[in-house]
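Data first, discussion second: the structure below is written as structure tokens.
Protein chains in written order, with the working numbering: chain W, 1 to 392; chain U, 393 to 766.
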């Protein structure tokens with residue numbers, strides 16, 4: 001099928017199948033569909049949209065159809081994305097399984113592992129979380145202490161993870177575990193897929209300055225992971241983790257660049273706009289314009305990097321640059337939203353369900369440049385791996 | 393639309409880089425400066441650029457050009473920016489050619505475009521009447537006089553005007569609209585005064601005192617001359633942004649080389665995290681700039697109606713980042729960065745001057761706000 005035909009058919013299908021309510025901008029966390037064993041849909045429309053997209057394999061358009069994907073080429077997937085954007089269609093399903101584990105499974109998994117784990121991700125049946133960080137380690141991921149002891153056909157896992165987003169709502173966790181305590185620190189780590197629905201796994205939410213939190217502490221107390229659920233070789237975990245981190249960074253970035261409240265809309269909400277549409281505060285207007293310029297530059301850079309990747313230039317460490325810029329931009333946008341909203345932005349709770357959203361989004365955005373490797377870590381990576389500057 | 397250069401453009405870039413490194417390294421600008429060159433650029437170099445086809449990139453093949461578009465003009469200007477080459481490339485091959493393409497009559501195109509392509513003429517573009525760019529604030533008047541016009545007014549800081557064969561002057565006609573006029577700089581009533589600027593260029597202030605023009609002097613080929621004027625400025629902004637990006641990139645490269653070679657406290661200063669983070673941040677800003685500049689240039693070539701926003705954004709970002717790159721460069725050089733002997737200071741000066749041309753970052757931000765409707 002030619003791309004033009006594909007575009008026409010896709011447009012018609014989306015037009016016919018995407019409910020009107022799923023074409024409105026995402027306003028808050030509650031509008032996102034995460035899936036999983038315990039998932040309840042926020043609305044009938046969300047459910048309908050989800051189910052129709054799952055049926056097409058379009059929750060993961062480029063994955064092979066045997067693993068629940070849409071089997072689309074990169075070009076077709078891009079057309080699908082453009083057509084979804086054109087009608088403002090929401091993503092039918094978001095998950096760490098799609099963004100992070102999926103690509104790693106596709107690259108490092110055996111056929112059996114793919115068959116077992118990928119389709120449930122594509123269909124939103126299993127919700128995954130990521131077990132990387134540990135208390136006291138921060139961005140220094142390899143200093144991890146969670147242990148996995150090999151006993152027969154399984155690992156016995158003991159230790160603690162922290163900042164595990166949505167661990168309390170997840171069904172499975174992919175975790176970095178030290179399985180060879182005597183090996184050098186980068187090569188003694190394995191990448192284990194662990195069922196959280198077992199006695200030895202427990203979670204506890206961490207309350208944040210934003211009042212809400214996706215983050216948890218996760219404890220392993222003689223938890224078990226079958227060896228067939230080790231991704232890659234024993235000791236290969238760090239390599240897989242690094243590969244996956246580049247996907248995580250891309251995920252955080254696209255989230256940062258994605259929709260949400262912007263300062264111009266915010267200024268309209270608080271009535272800080274002149275009759276001709278100009279923002280009343282000229283300095284705010286200038287700040288917003290500079291943000292717009294950087295936003296345009298960022299979007300163009302994402303497209304350029306993608307295009308260069310299609311021409312064979314690897315993205316590599318430039319993912320760190322994109323993560324750094326994207327997350328810093330998102331913080332700036334949230335700060336300007338708060339300026340434009342004035343006191344309305346400070347509301348913590350009110351009559352409307354959306355009251356308090358801007359403040360929570362603003363506070364939440366501070367984590368963008370900490371999670372997934374801090375901005376400083378990203379700058380270190382750029383300095384060493386892109387600019388080739390020497391280590392001390 | 394593509395961010396990746398075509399094969400032809402890559403070849404153009406490679407040959408431009410090689411040629412300019414040889415024929416016009418930074419020392420060439422120093423030479424013009426120290427000799428107090430009266431026009432501030434080399435006519436000989438201009439001829440060489442023409443021989444390589446550079447001056448005809450925006451001229452159709454019918455008129456003797458190579459018709460490669462703004463994307464290619466940007467490639468050349470990026471290299472011009474790297475070597476700080478002083479030339480009338482932007483004013484003649486970009487603004488001059490664009491003015492004729494957008495607003496010239498067929499006979500004006502036939503008369504002038506071949507000369508531009510052949511490198512036989514140098515054009516200076518007279519817009520601003522104040523120290524800051526303000527393309528709508530035009531008080532220069534062209535009053536009808538028989539079949540011709542009488543031109544009066546003052547222009548300031550007209551780039552390359554001291555070495556120009558012809559001036560293109562923005563002036564208001566009696567209907568109060570802005571039109572473009574061809575004016576001989578040697579004509580009676582035209583008085584040029586050279587101004588030496590910090591970047592070692594030689595723009596001129598020009599007074600037009602009741603200058604007599606024929607009816608052929610007005611560029612009257614555009615349906616909407618003001619729209620043509622605005623698009624011309626947009627094209628100039630994108631191309632000036634390309635030069636600024638080239639200068640910013642070179643300042644960065646020079647600085648990285650410097651810190652890699654410099655030792656303090658017994659180690660290479662490039663190992664210091666403070667410097668590494670500044671460099672990595674700057675790298676990101678340069679990447680953003682590159683994307684915007686490419687986007688603006690290719691949009692001019694393929695979707696001119698969408699170009700104004702991208703051109704304004706590209707010029708604003710390139711202005712800000714070129715300044716930042718050279719300023720950070722001076723800081724990372726330390727004391728020697730303040731000396732005339734090191735090139736980094738020349739980049740800082742050029743960034744400021746080229747940044748001002750056709751509107752600085754504040755001007756561009758204002759345009760972006762206006763074009764975005766807020």
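No residue lacks a Cβ here, since even glycine has one placed at the ideal position from N, Cα and C.
Just so it is clear, the structure is predicted and the values come from calculations on it, not from any experiment.
#1: So, do the region 596-605 of chain U and the region 642-652 of chain U have three or more beta carbon pairs nearer to each other than 8 Å?
#2: Would DSSP call residue 735 of chain U helix, strand or coil?
#3: Taking the alpha carbon of residue 149 of chain W as the point to measure from, which residue in W:179, W:133, W:379, W:390 has its own alpha carbon closest?
#4: Measuring straight from C-alpha to C-alpha, what distance separates residue 481 of chain U and residue 381 of chain W?
#5: Pick out whichever of U:506, U:566, U:550 has its Cα sitting closest to the Cα of residue 560 of chain U.
#6: Please name the residues in the region 683-694 of chain U whose beta-carbon is closer than 8 Å to at least one beta-carbon of chain W, in chain order.
#7: Do you know how far the Cα of residue 425 of chain U is from the Cα of residue 321 of chain W?
#8: Are residue 437 of chain U and residue 486 of chain U close, meaning C-beta to C-beta below 8 Å?
#9: Could you name the residues of the same chain whose beta carbon sits closer than 7 Å to that of residue 183 of chain W, not counting the 5 residues immediately before and after it, in chain order?
#10: Sort out for me which residues DSSP pairs residue 204 of chain W with in a bridge.
#11: Over the uninterrupted alpha helix (DSSP H) stretch that includes residue 310 of chain W, give me the two end residues.
#12: Relative to the C-alpha of residue 758 of chain U, which residue among U:525, U:502, U:471, U:689 is closest?
#13: At the level of alpha carbons, what is the spacing between residue 319 of chain W and residue 465 of chain U?
#14: Span of the alpha helix (DSSP H) holding residue 435 of chain U?
#15: Quick one: give me the first and last residue of the beta strand (DSSP E) that residue 543 of chain U is part of.
#16: So the beta strand (DSSP E) residue 389 of chain W belongs to, where does it begin and stop?
#17: Does any C-beta atom of chain W lie closer than 8 Å to the C-beta of residue 463 of chain U?
#18: Under 8 Å, do residue 37 of chain W and residue 126 of chain W count as touching if we go by C-beta distance?
#19: Closest by CA to residue 194 of chain W, which one among W:379, W:73, W:170?
#20: Using C-beta distances below 7 Å, list every residue in its chain close to residue 226 of chain W, excluding the 5 sequence neighbours before and after it, in chain order.
#21: The region 293-320 of chain W: which residues have C-beta closer than 7 Å to a C-beta of chain U, in chain order?
#22: At a CB-CB cut-off below 9 Å, which residues of chain W make contact with residue 635 of chain U?
#23: Kindly indicate if chain U contains any beta-carbon less than 8 Å away from that of residue 369 of chain W.
#24: Excluding five sequence neighbours on each side, which residues of the same chain lie with their C-beta closer than 8 Å to the C-beta of residue 428 of chain W?
#25: Taking the alpha-carbon of residue 35 of chain W as reference, which of W:63, W:93, W:78, W:56 has the nearest alpha-carbon?
#26: Out of W:131, W:66, W:332, point me to the one whose CA is closest to residue 162 of chain W's CA.
#27: Taking 8 Å as the CB-CB limit, is residue 668 of chain U close to chain W?
#28: Could you check where the beta strand (DSSP E) with residue 722 of chain U kicks off and where it finishes?
#29: Using 8 Å as the threshold, is the region 694-713 of chain U in touch with the region 616-633 of chain U, meaning 3 or more CB pairs across them?
#30: What are the residues in the region 349-376 of chain W lying within 8 Å of chain U by C-beta distance?
#31: Closer than 8 Å by C-beta to residue 369 of chain W: which residues in its own chain qualify, once you throw out the five before and the five after it? Chain order, please.
#32: For residue 98 of chain W, name the three-state secondary structure that DSSP assigns.
#33: With residue 674 of chain U as the anchor, note down where its beta strand (DSSP E) starts and where it stops.
#34: Within a Cβ cutoff of 8 Å, which residues of the same chain sit near residue 394 of chain W, ignoring the five residues on either side of it in sequence?
#35: Got a sec? Which residues, its chain only, sit under 7 Å from residue 510 of chain U by beta carbon, not counting five neighbours each side?
#36: Within 8 Å of any Cβ in chain W, is that where the Cβ of residue 663 of chain U sits?
This is what the structure gives:
#1: No: fewer than three Cβ pairs fall under 8 Å.
#2: Three-state DSSP puts residue 735 of chain U in coil, outside helix and strand.
#3: Of W:179, W:133, W:379, W:390, the residue nearest in Cα terms is W:179.
#4: Approximately 39 Å, taken between the alpha carbons.
#5: Distances from the CA of residue 560 of chain U to each of U:506, U:566, U:550 were compared; the closest alpha carbon is that of U:550.
#6: With the criterion set as a beta carbon lying under 8 Å from some beta carbon of chain W, the members of the region 683-694 of chain U are 683, 684, 686, 687, in sequence order.
#7: Distance between the alpha carbons of residue 321 of chain W and residue 425 of chain U: 39 Å.
#8: Going by beta carbons, residue 437 of chain U and residue 486 of chain U fall outside the 8 Å limit.
#9: Excluding sequence positions up to five before and after residue 183 of chain W, its CB lies within less than 7 Å of the CB of 235, all in the same chain and listed in chain order.
#10: Answer is W:217.
#11: Start and end: 282-310.
#12: The shortest C-alpha separation from residue 758 of chain U is found at U:525.
#13: CA-to-CA, the gap between residue 319 of chain W and residue 465 of chain U works out to about 30 Å.
#14: Run containing residue 435 of chain U: 435-443, per the alpha helix (DSSP H) assignment.
#15: Per DSSP, residue 543 of chain U belongs to the beta strand (DSSP E) from 540-550.
#16: Boundaries for residue 389 of chain W: no beta strand (DSSP E) harbours it, and the DSSP string shows neither H nor E there.
#17: For residue 463 of chain U, the answer is no, since every Cβ of chain W falls outside 8 Å of its Cβ.
#18: Taking 8 Å as the Cβ cut-off, residue 37 of chain W and residue 126 of chain W qualify as a contacting pair.
#19: For residue 194 of chain W, the nearest C-alpha among the options comes from W:170.
#20: Only residues of its own chain outside the window of five on either side were considered, and among them 153, 154 have a CB closer than 7 Å to the CB of residue 226 of chain W, listed in chain order.
#21: Cβ contacts with chain U come from 293, 294, 296, 297, 298, 300, 301, 303, 304, 307, 308, 311.
#22: Near residue 635 of chain U there are no residues of chain W at all, since even the closest Cβ is about 18 Å away, more than 9 Å.
#23: So, not an interface residue.
#24: Residue 428 of chain W lies beyond the range of chain W shown here (1 to 392); nothing can be said about it.
#25: With respect to the C-alpha of residue 35 of chain W, the residue from W:63, W:93, W:78, W:56 having the closest C-alpha is W:93.
#26: Among W:131, W:66, W:332, the Cα nearest to that of residue 162 of chain W belongs to W:131.
#27: So yes, residue 668 of chain U belongs to the interface.
#28: Residue 722 of chain U -> not in any beta strand (DSSP E); alpha helix (DSSP H) instead, spanning 699-725.
#29: Yes, the region 694-713 of chain U touches the region 616-633 of chain U.
#30: Using a CB distance below 8 Å, the part of the region 349-376 of chain W facing chain U consists of 376, ordered along the chain.
#31: The residues are 324, 327, 328, 331, 375.
#32: Residue state, collapsed to three classes: helix.
#33: Counting along the chain, residue 674 of chain U sits inside no beta strand (DSSP E); it lies in the alpha helix (DSSP H) bounded by residues 665-694.
#34: Only positions 1 to 392 of chain W appear in the structure, and residue 394 of chain W is not among them; the question remains open.
#35: The answer, listed in chain order, is 442, 456.
#36: For residue 663 of chain U, the answer is yes, since a Cβ of chain W falls inside 8 Å of its Cβ.
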